[in-house]
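Chemist: Have a look at the structure that comes next, please.
Numbering (the working numbering), first residue to last: 15 to 128.
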């Protein structure tokens with residue numbers, strides 16, 4: 015299983031970024047997928063999830079600003095991040111659980127300047 019995250023970068027507060035995660039080694043359309051983030055000095059937290067049937071959920075602090083989506087043909091997971099805030103600064107990871115094992119992407123750094 016391989017998850018390759020990309021799309022991070024430096025953006026000013028109020029700006030937007032779109033993260034992408036390319037998946038291989040799994041039957042992507044059957045997998046629930048997740049975005050986590052880890053800010054400096056903080057624990058990793060779940061940001062948003064999408065099930066195989068497209069149902070989504072996200073934490074309160076990003077509701078209305080972040081949108082998780084998936085493309086089952088391209089086997090890609092996305093996180094559209096709008097109205098970014100400095101507190102969104104973190105390394106973002108895509109994750110899935112497949113055959114009772116957790117699999118993580120390598121992370122992509124998002125830095126939001128004030």
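For every residue, glycine included, the Cβ atom is placed at its ideal position computed from N, Cα and C.
How about residue 39 and residue 15: are their beta carbons less than 7 Å apart?
Modeler: Residue mapping note: residue 39 aligns to position 25 of the chain shown, counting from 1. Residue mapping note: residue 15 aligns to position 1 of the chain shown, counting from 1. Cβ distance < 7 Å, so residue 39 and residue 15 count as in contact.
Chemist: How is the beta strand (DSSP E) around residue 113 delimited, first residue to last?
Modeler: Along the chain shown, read from residue 1 onward, the residue named residue 113 stands at position 99. That residue, residue 113, is in no beta strand (DSSP E); it is neither H nor E in DSSP.
Chemist: Measure the C-alpha to C-alpha separation of residue 105 and residue 94 and round it to an integer number of angstroms.
Modeler: Along the chain shown, one-based indexing puts residue 105 at 91. Along the chain shown, one-based indexing puts residue 94 at 80. Going by the C-alpha atoms only, they are around 15 Å apart.
Chemist: Below 8 Å CB to CB, which residues in the same chain sit around residue 100 once its five sequence neighbours on both sides are set aside?
Modeler: As a working note, residue 100 is residue 86 in the chain shown. The answer, listed in chain order, is 27, 126, 127 and 128.
Chemist: Could you tell me the alpha carbon to alpha carbon distance between residue 45 and residue 18, rounded to whole angstroms?
Modeler: For the purposes of this step, residue 45 is identified with residue 31 of the chain shown, where counting begins at 1. For the purposes of this step, residue 18 is identified with residue 4 of the chain shown, where counting begins at 1. Computed Cα separation, rounded: 16 Å.
Chemist: Assuming residue 80 and residue 72 form a contact by the criterion Cβ under 8 Å, report the distance between their Cβ atoms to the nearest whole angstrom.
Modeler: For the purposes of this step, residue 80 is taken as residue 66 along the chain shown, with counting starting at 1. For the purposes of this step, residue 72 is taken as residue 58 along the chain shown, with counting starting at 1. Rounded, the Cβ-Cβ distance is 6 Å, consistent with contact.
Chemist: Helix, strand or coil for residue 105 per DSSP?
Modeler: As a first step, residue 105 is located in the chain shown; it is residue number 91 there, counting from the start. Strand, per DSSP.
Chemist: Let me know if residue 84 comes out buried or exposed under the rule of 16 or more other beta-carbons within 10 Å of its beta-carbon.
Modeler: Start at 1 with the first residue of the chain shown, and residue 84 comes out as number 70. Counting Cβ neighbours within 10 Å, residue 84 comes out buried, since at least 16 surround it.
Chemist: According to DSSP, is residue 46 part of a helix, a strand, or is it coil?
Modeler: As a first step, residue 46 is located in the chain shown; it is residue number 32 there, counting from the start. Residue 46 falls in the coil class under three-state DSSP.
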